[in-house]
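1 is the number of the first residue of the sequence shown in the UniProt record's numbering; add one for each residue after it.
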Amino acid sequence: MTLCAAICDDSPADRLAVQTMLSAWAQARQVDLQTDCFPSAEQFLFHYADFPQYDLLLLDVEMSAMDGVTMAKEVRKTNETVEIVFITGYTDYIAEGYDVGALHYLVKPLHREKFFAVLDKALSRRAKNARCLTLDCGGTLARVSLPEIRYLDVQHNYVTVHASRDYTVKRTLKDIATELDGRFFQVGRSLIVNLHCIRRVTKQEIVLADGTALPLPRGAYEPLNRAIIQEG
């Protein structure tokens, strides 16, 4: 498996320490690792604008100018699947780390066993959610993991992907459907639903686990129920 990671820390010694331990973990787990290192949040974000395909971010919190939490918030505006781990000598920002969906918060100096355990968790989550839908939302690239997607619907010439947030793109539903997997089922001409998100189905509607009710077209009740049984 390939893992693309970025390390951002304004201390050269700390960057090297994290990179060395990360490389040791990758060798032990037989992971093909690509690592980029950045001395500031600003330099990372400048690079990230053209290369947003990272799987893992290892961030210091206390940096000159922009701090790691602020940087993570910028990343989260367009990327909800990248794993974020804060590595710092301070514990004052743990709550803010949770605000950006950080995988973990590690305190310097790093302990090999703990660091390896966190990286193992990141790798496991990446494997589980490896398949993503890549969307160009008005010049902003968003990668949405398939398990996050509840349903997709069409209005005029636009498709809206409903996940932890909504993404609207000018593409056809047929085109996007080719990038989905067996957990998704097309209901009528303008709706695709994630079978894993369905709580119940009536003759008139589909009710999702979050309470969303979607209209069920005539004739779709039996095929949808067969699809749920087969996928289950």
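Using N, Cα and C, we set each Cβ at its ideal position, and we do this for glycine too.
Scanning its chain for C-beta atoms nearer than 6 Å, with the 5 sequence neighbours on each side dropped, one finds around Arg-15 the residues Ile-7, Asp-9, Cys-37, in chain order. With a threshold of 16 other beta carbon atoms within 10 Å, Asn-194 meets it and is buried. Rounded to the nearest whole angstrom, the CA to CA distance from Ala-117 to Tyr-105 is 12 Å. Every alpha helix (DSSP H) stretch that sits fully inside the UniProt domain "HTH LytTR-type" (133-230) and reaches 4 residues is listed by chain position as 173-177. Put simply, the backbone Cα of Thr-134 is about 19 Å away from that of Ile-84.
Residue ranges of uninterrupted beta strand (DSSP E) with 3 or more members, entirely inside the UniProt domain "Response regulatory" (4-123) and ordered along the chain, are 32-38, 56-59, 83-88, 104-107. Thr-168 and Thr-70 have their C-alpha atoms roughly 26 Å apart. Comparing alpha carbon positions, the residue from Thr-20, Leu-3, Arg-199 closest to Ala-213 is Arg-199. Counting C-beta pairs closer than 8 Å gives three or more between the region 16-23 and the region 107-126, which meets the contact rule. Separation of Arg-183 and Asp-136 (C-alpha to C-alpha, rounded to the nearest whole angstrom) is 23 Å. The C-alpha of Cys-197 lies about 9 Å from the C-alpha of Ile-149. When the five nearest sequence neighbours on each side are left out, the beta carbons in the same chain lying within less than 6 Å of the beta carbon of Val-154 are those of Leu-173, Ser-190, in order along the chain. Non-local C-beta neighbours of Thr-178 in its own chain, meaning closer than 6 Å and more than five positions away in sequence, are absent. For the 7 Å CB-CB criterion, Pro-52 and Leu-146 do not form a contact. Residue burial is scored here from C-beta neighbours: Gly-139 has fewer than 16 other C-beta atoms within 10 angstroms and is therefore classed as exposed.
For Ile-87, the closest C-alpha among the options Lys-108, Ile-192, Leu-119, Glu-42 is that of Lys-108. For Val-187, the closest C-alpha among the options Ser-164, Arg-165, Ile-228 is that of Ile-228.
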